[in-house]
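J.: Would you mind keeping the following structure in view while I ask a few things?
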Amino acid sequence: MWHYVVISIEFVFILYPGVCLGIEVRQSPSEFITKVGSKVEIFCSHEKTDYRVILWYQQQPGDTAMKLIGHLYFKDDKYEEQYKDHFNITGDLSGNTAKNVSLIVKVAQKEHSAVYYCAARQAQ
Ligand SMILES: *[C@@H]1O[C@H](CO)[C@@H](O)[C@H](O)[C@H]1NC(C)=O
Ligand SMILES: *[C@@H]1O[C@H](CO)[C@@H](O)[C@H](O)[C@H]1NC(C)=O
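Oh and the sequence shown: position 81 is 272 in our numbering, straight run, nothing missing.
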C-alpha cells in the first residue's frame, strides 16, 4: 500500500511593515502529490530585487494556523526548532536580481501534507 503526501502551495503575501502589497510572486508547482519518503523541493520567486528576506509557513489540513518553518535572510537560513531536521531553505537574496528560493522537504512524511506559503519582505 502506497502512502502519499499532498503538497500544495497556494497563496503568497508580501509583508512590508504592516502592509500587504499585491506584487506578483510565482510559486511552482502549485500542487502535487508525492510518495512518502521522497525528497520534495518547491520554489518561490519574485522580482522585488530589494526584498532580502523570505519566510516559509506551513498550514496543515484542518488547522487555520500558519506555522513558521523558517526564513532566509540574504543567504542565511534559520529554522524553528520543530522543523529544522526536516526542512531546508536555500537561495541567495543578496544580489540585485530576481529572487528564487526553494523549500526542501528532506524526506516527505504524511504529516508534511499541507499548504505551504512563502512570504517576502525587505530586510530591516
Ligand atoms: C541546507 O542545505 C545547505 C546546502 O546544502 C546546507 O549547507 C545546510 O546545512 C542545510 N541546512 C539544514 C538545516 O539542513
Ligand atoms: C528557480 O530555480 C529552479 C531551480 O534552479 C528553476 O527550476 C526554476 O525555474 C526557477 N524559477 C524561476 C521563476 O526562475
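Ideal Cβ positions, reconstructed from N, Cα and C, are used throughout, including at glycine.
As the structure is a computational prediction, the values presented were derived from the model and not from experiment.
Please list, following the chain, all residues that have a C-beta closer than 5 angstroms to any non-hydrogen atom of ligand 2.
T.: Checking every Cβ against the heavy atoms of ligand 2 under 5 angstroms gives Phe234, Ser236 and Asn291.
J.: Taking 7 angstroms as the cut-off, does the CB of Tyr270 come closer than this to any heavy atom belonging to ligand 1?
T.: Yes, ligand 1 has a heavy atom inside 7 angstroms of this Cβ.
J.: Taking the straight line between their C-alpha atoms, what separation do you get for Ala299 and Asp268?
T.: Roughly 20 angstroms separates the two Cα atoms.
J.: Evaluate the contact criterion for the segment 281-288 versus the segment 247-256: three or more CB pairs, one atom per stretch, below 8 angstroms.
T.: Cβ pair count under 8 angstroms is below three, so no.
J.: Taking three-plus beta-carbon pairs below 8 angstroms as touching, is the segment 287-303 in contact with the segment 220-238?
T.: Flag = yes, the segment 287-303 and the segment 220-238 touch.
J.: State the start and end residues of the unbroken beta strand (DSSP E) segment that holds Tyr307.
T.: Looking at the DSSP string, the run of the beta strand (DSSP E) that includes Tyr307 is Ala305 to Arg312.
J.: With a CB to CB cut of under 8 angstroms and the five nearest residues on each side skipped, what residues in its chain are close to Gly261?
T.: Within the same chain, Gly261 has close Cβ partners Leu246, Trp247, Asp268, Lys269, Tyr270, Glu271, Tyr274, Lys275, Phe278 and Ile280.
J.: Could you work out which residue in Ile198, Asp241 and His237 is closest to Phe223 when comparing CA atoms only?
T.: The option with the nearest alpha carbon to Phe223 is Ile198.
J.: Does ligand 1 have even one heavy atom less than 7 angstroms from the beta-carbon of Lys230?
T.: No, Cβ of Lys230 sits at least 7 angstroms from all heavy atoms of ligand 1.
J.: Output the distance between the C-alpha atoms of Met257 and Gln249, rounded to the nearest integer angstrom.
T.: Taking the straight line joining both Cα atoms gives about 5 angstroms.
J.: DSSP state of Glu222, grouped into three classes?
T.: Strand.
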